[in-house]
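S.K.: What follows is a structure written as C-alpha cells; I'll ask about it next.
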Amino acid sequence: MKLSINMTACEGRGLCAEVLPELITLDDWGFPMLAGGVPPGLEGPARDAVRLCPRLALKLLAHTRSR
Ligand code: SF4
C-alpha cells in the first residue's frame, strides 16, 4: 500500500506527521513529505493518519503493478 496526499486540500499543519512519523516528515513550510510505500507493520498507523486528517487530504492506495 502507499499513501497519497492531495496537496490542494492539505493545509499543512502536520497532524499526519505526528501520527505517522516513520513515513511522513514535514518540509520547511510544514507540508508533508512521504517516505514511500507503507510496510505491513505500519498499515494501522497509516489508516489512523488518513482517518484523522482534518482536510481529508490523505488516501491509502493499493500498490498497482506497472506494465
Ligand atoms: S493531516 Fe492532512 S491537512 Fe494536515 S498536513 Fe497532513 S495531509 Fe495535510
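Okay, so the sequence shown: first residue is 49 according to the working numbering, each after it adds one.
A virtual CB, placed ideally from N, CA and C, is assigned to each residue, including glycine.
Predicted model only: the values in this text are computed from it and were never measured.
Taking the alpha carbon of Leu71 as the point to measure from, which residue in Arg61, Ser52, Thr56, Glu59 has its own alpha carbon closest?
M.R.: The residue with the shortest Cα to Cα distance from Leu71 is Ser52.
S.K.: Is Gly62 near the ligand SF4, in the sense that its beta carbon is under 6 Å from a heavy atom of that ligand?
M.R.: Flag set: Cβ of Gly62 near the ligand SF4.
S.K.: At which residues does the beta strand (DSSP E) containing Pro80 begin and terminate?
M.R.: Here the beta strand (DSSP E) through Pro80 covers 80–82.
S.K.: Does at least one heavy atom of the ligand SF4 sit under 6 Å from the Cβ of Pro80?
M.R.: Pro80: yes, Cβ under 6 Å from the ligand SF4.
S.K.: Jot down the residue ranges of each uninterrupted beta strand (DSSP E) in the segment 54–111, minimum 3 residues, whole runs only, in chain order.
M.R.: You should have 72–74, 80–82, 106–109.
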